[in-house]
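Structure record follows, encoded as structure tokens.
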Amino acid sequence: MKTKFLTALLLGSSVLGFAGVASAADVTLNVESWRNDDLAIWKDKLIPAFEAKNPGIKVVFGPSSPTEYDAALGAKLAAGSAGDLITCRPFDKSLELYKKGNLADLTKLSGMENFSDVAKSAWTTDDGSATFCVPMASVIHGFIYNKEAFEKLGLKVPETRDEFFAALDKIKADGTYIPMAMGTKDLWEAATMGYQNIGPNYWKGEEGRLALIKGEQKLTDKDWVEPYAELAKWKSYLGDGFEAQTYPDSQNLFTLGRAAIYPAGSWEIGLFNTQAQFKMGAFPPPVGKAGDTCYISDHTDIGIGLNAASKNADAAKTFLTWVASPEFATIYANALPGFFSLNSTAVKMEDPLAQEFVSWREKCKPTIRSTYQVLSRGTPNLENETWVESANVINGTDTPEVAAEKLQKGLDSWYKPAK
Amino acid sequence: MAAASKRPFPWHIGVFLAPAVLVYTAIMILPLFGTLQLSLFRSVEQVQTFVGFDNFRTLFTDPNWSFNFCNALKNNVWFFIIHMVVQNPIGVMLAALLSSPKLRFTAFYRTAIFIPTILSFVIVGFAWKLILSPIWGVAPNLMGLVGLKSFFTPWLGKEEYALTALSLISVWQFVGIPMMLIYAALLSIPDEVIEAAECDGITGWSQFWKIKLPLILPAIGIISILTFVGNFNAFDLIYTAQGALAGPNYSTDILGTFLYRAFFGFQLQVGDPNMGATIATMMFLIILVGVCFYLFLVQRRLRRYQF
């Protein structure tokens, strides 16, 4: 009886002791993310590459769904159960976390020097003194088109708006293809793929965006209403029942070859490559007249930061430095064509469609989405309202002027630009 | 003698009640008071400060909040009306049909009609989104088979139809509950009452109106109040079918989705737990008033029959 008890005790303590040793040697870093689409890339490519170089540090990628991420992360941070590394949304969501003390200051992290100020702008305090996330990638807006459809109908890639609408008319007249695959059901398609896609050409990219923040321009100005007027014209080129067409519907319509043009974000490239059976090309948002400077939305979309409450801060910093390295950038940009590295070192990409998108960086001036910095801090939220109004304009519920007026009124109710 | 007549303190009652009371207090009553408390505070420079009823003032007078609140309340009332007008009569009708002794396969019908009730909202929302989809949905083709194709519109994407369409989906899902409750009430009507009615020459429809309906009125009352509470707490179906912004143009925004956006935030909108709690408190009060109205004014006037 007594010996049995002793054996059990010894056995138990040895097991516990062993577990203790194992956990002391291996640090496990948990990554919070909304990119559940990237699970395979992290598991098969990124994490093994990092772990091979850094024995003793294990990384676990634990994504949640994009729509639930912010609420779930907030709850986890409040409860103290959030992971060591936190994938950062651009701008205010992350700034808020930094101000609350949930994200650590990474200004002095080695590797940060690999990024330009513009690349870091999404995760830097308003006064520019502290940076709290390592920029991972940006996405570029434009249009993806079905090359076979264009060849069959003898269309050439449009460069100006007139050519663009002429092409749409021709596709519509032919009737084989739906001219443009986009729906208004999910609202954000209309705003993100529509308004923010074609808008920079009207409001001259950064120039207009910064003027809006400074209060020198208003959403009711010509430059900001005209993109809505163009969106309103899109209505007749969308498929039947576009009011109830969801984002996945639009993706499927295009990849099944039923639609000719898809207003896109570059993040689609990976999925489209595996789904579409035809050749695809891409063109940037058409400009007013030939020779005009083109502007593209090259939106800083995703970064990664350190949970200030992390017990493994040193290991986490090692990981973040690796994320800031060209090695990570190369693996990431090639594994996820369409998510372009913000690293100053040029990254070689294999995918032709991704190369096409990134080539616009050379000829066009990049900007970010107009509603993201500063302007979506209050109630009503400008980004959400832009979703609703963009869909309203396409549905014909509101005229471009009324939509712009509503947005400006909402913004005026809480935003007082610094004079 | 006197000592014997004095009963010992009934400890066993306390012991039996304790688990339910403790669990209910921990997961229902405490959070409820937490919500009420949260609605009286506001975060000022990251510190929770007591502001009295300021949040309620903002909700009712600030046009940015009051417009959305009124819109959500109005939509919620319409959501409830559709349920009362469509779900409950259909439930009563189905129950009356099922309790008819001539009908065969009652067990099958009963189960088939009840099954949607036990399905998850996510499945229901997704399935109906696909059925009604103008691109892949079966609805346009099915309507085409009976020559009604021209009546098809993308209902879920049209401002004027979306809320009604969603209400009807919810009716489809929950019609099993009134059916079951009323079915049970109908079965509990003693045969003697029916036979007596038949002897007096009351048969068919007039038997239903004059004998059965008065006897099942208390059950209909209970169903109405359950529907009321359920509808004003609804969220899931709208969220799964239309998303948190309850489009198009907020036309399907009900109190639940409005609360969700305020409390948890959405996309770039940062969540505001205090305003969220304020809306939650209003929902609680609306439901409380509705239930009290029923309990004190309606239920007491309902005649009950004892057999």
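Protein chains in written order, with this note's numbering: chain A, 1 to 419; chain B, 1001 to 1307.
Here a beta-carbon is modelled for each residue, glycine too, at the ideal position from N, C-alpha and C.
What you are looking at is a predicted structure, and each value in this text was computed from that prediction instead of being measured.
Residues that DSSP places opposite residue i in a beta bridge
{"i": "A/Gln32", "result": "First, the residue type needs correcting, since residue 32 of chain A is Glu and not Gln in the sequence shown. Looking at the DSSP assignment, A/Glu32 forms a beta bridge with A/Gly62, A/Ile86."}
{"i": "A/Asp298", "result": "A/Ile140"}
{"i": "B/Arg1042", "result": "B/Thr1049"}
{"i": "A/Met280", "result": "A/Asn146"}
{"i": "A/Leu306", "result": "A/Leu85"}
{"i": "B/Gly1265", "result": "B/Val1270"}
{"i": "A/Ile499", "result": "Any question about residue 499 of chain A goes unanswered here, given that chain A covers just 1 to 419."}
{"i": "B/Asn1075", "result": "The partner list for B/Asn1075 (beta bridge, DSSP) is empty, contrary to what the question assumes."}
{"i": "A/Asn343", "result": "A/Phe115"}
{"i": "A/Ile57", "result": "A/Val27"}
When the options are compared against residue i, the one with the closest alpha-carbon
{"i": "A/Pro179", "options": "A/Ala149, A/Lys45, A/Asn197, A/Ala190", "result": "A/Ala149"}
{"i": "A/Leu336", "options": "A/Asp38, A/Lys204, A/Asn30", "result": "A/Asp38"}
{"i": "B/Glu1159", "options": "B/Ala1107, B/Gly1247, B/Ala1072, B/Val1086", "result": "B/Gly1247"}
{"i": "A/Thr124", "options": "A/Lys365, A/Phe272, A/Asp92, A/Glu268", "result": "A/Asp92"}
{"i": "A/Ile296", "options": "A/Ala282, A/Gly396, A/Met182, A/Ile86", "result": "A/Ala282"}
{"i": "A/Trp387", "options": "A/Asp127, A/Gly154, A/Glu189", "result": "A/Glu189"}
{"i": "B/Val1229", "options": "B/Ala1139, B/Asn1274, B/Phe1284", "result": "B/Phe1284"}
{"i": "A/Ala232", "options": "A/Asp26, A/Lys416, A/Ala404", "result": "A/Ala404"}
{"i": "A/Met280", "options": "A/Pro135, A/Lys147, A/Glu383", "result": "A/Lys147"}
{"i": "A/Ser266", "options": "A/Gly288, A/Tyr237, A/Val374, A/His299", "result": "A/His299"}
{"i": "B/Trp1128", "options": "B/Phe1296, B/Tyr1183, B/Pro1101, B/Ser1167", "result": "B/Ser1167"}
{"i": "A/Phe115", "options": "A/Phe61, A/Gly128, A/Pro135, A/Ala122", "result": "A/Pro135"}
{"i": "A/Asp174", "options": "A/Ala119, A/Tyr237, A/Ala79", "result": "A/Tyr237"}
{"i": "A/Ala264", "options": "A/Thr192, A/Lys204, A/Ala316", "result": "A/Thr192"}
{"i": "B/Ala1139", "options": "B/Asp1200, B/Ala1165, B/Thr1227, B/Phe1264", "result": "B/Ala1165"}
Buried versus exposed, by CB contacts within 10 Å (16 or more), residue i
{"i": "A/Cys88", "result": "buried"}
{"i": "A/Glu428", "result": "Limits of chain A in this structure are 1 at one end and 419 at the other, which puts residue 428 of chain A out of reach."}
{"i": "A/Leu106", "result": "buried"}
{"i": "B/Tyr1024", "result": "exposed"}
{"i": "B/Trp1136", "result": "exposed"}
{"i": "B/Gly1276", "result": "buried"}
{"i": "B/Cys1070", "result": "exposed"}
{"i": "A/Ala22", "result": "The predicted model places A/Ala22 with a pLDDT of 43, which falls under 50 and marks its position as unreliable; any figure quoted below should be read in that light. Classification for A/Ala22: exposed."}
{"i": "B/Phe1151", "result": "exposed"}
{"i": "A/Asp126", "result": "exposed"}
{"i": "B/Leu1017", "result": "exposed"}
{"i": "A/Ala59", "result": "In the sequence as displayed, the identity of residue 59 of chain A is Val instead of Ala. Buried, since its Cβ has 16 or more Cβ neighbours within 10 Å."}
{"i": "A/Ala52", "result": "exposed"}
{"i": "A/Pro158", "result": "buried"}
{"i": "A/Gln355", "result": "exposed"}
{"i": "B/Ser1206", "result": "exposed"}
{"i": "A/Thr274", "result": "exposed"}
{"i": "B/Ile1013", "result": "exposed"}
{"i": "A/Glu216", "result": "exposed"}
{"i": "B/Glu1198", "result": "exposed"}
Range of the contiguous beta strand (DSSP E) that encloses residue i
{"i": "A/Asn146", "result": "133 to 146"}
{"i": "A/Lys365", "result": "365 to 367"}
{"i": "B/Arg1303", "result": "Careful: B/Arg1303 lies outside any beta strand (DSSP E) and carries neither H nor E."}
{"i": "A/Met182", "result": "From DSSP, A/Met182 is part of no beta strand (DSSP E); its letter is neither H nor E."}
Alpha helix (DSSP H) segment containing residue i, residue limits
{"i": "B/Ala1185", "result": "1176 to 1187"}
{"i": "A/Thr318", "result": "313 to 323"}
{"i": "B/Ile1118", "result": "1106 to 1118"}
{"i": "B/Thr1281", "result": "1273 to 1292"}
{"i": "A/Ala52", "result": "47 to 53"}
{"i": "A/Leu336", "result": "Unbroken run through A/Leu336: none, as it is neither H nor E."}
{"i": "B/Asp1054", "result": "1054 to 1061"}
{"i": "A/Ile171", "result": "161 to 174"}
{"i": "A/Trp387", "result": "382 to 395"}
{"i": "A/Arg209", "result": "206 to 214"}
{"i": "B/Phe1016", "result": "1011 to 1024"}
{"i": "B/Met1143", "result": "1139 to 1145"}
{"i": "A/Thr192", "result": "First-last for A/Thr192: undefined, no H or E at that position."}
{"i": "B/Ile1194", "result": "1191 to 1199"}
{"i": "B/Phe1121", "result": "1121 to 1131"}
{"i": "B/Thr1240", "result": "1236 to 1242"}
{"i": "A/Trp42", "result": "Segment: none, A/Trp42 is in no alpha helix (DSSP H) and carries neither H nor E."}
Any non-hydrogen atom of the ligand ATP closer than 7 Å to residue i Cβ
{"i": "A/Asp221", "result": "Of ligands this structure carries none, so the ligand ATP is not represented either."}
8 Å Cβ cutoff, residue i in contact with chain E
{"i": "B/Trp1155", "result": "Looking for chain E here will not work: the only protein chains present are A and B."}
Practice item. Write down every uninterrupted run of the beta strand (DSSP E) in the stretch 228 to 268 of chain A whose length is 3 residues or greater and which is fully enclosed by it, in chain order. Key: Counting only runs of 3 or more, we get 259 to 265.
Review point. Unbroken alpha helix (DSSP H) runs of length 4 or more, entirely within the stretch 72 to 125 of chain A: which are they?
Key: 92 to 99, 117 to 120, all fully within the stretch 72 to 125 of chain A.
Practice item. Kindly provide the ranges of any alpha helix (DSSP H) runs that are 4 or more residues long and lie completely inside the stretch 1208 to 1232 of chain B, ordered along the chain. Key: Listed in chain order, the complete alpha helix (DSSP H) runs (minimum 4 residues) inside the stretch 1208 to 1232 of chain B are 1213 to 1232.
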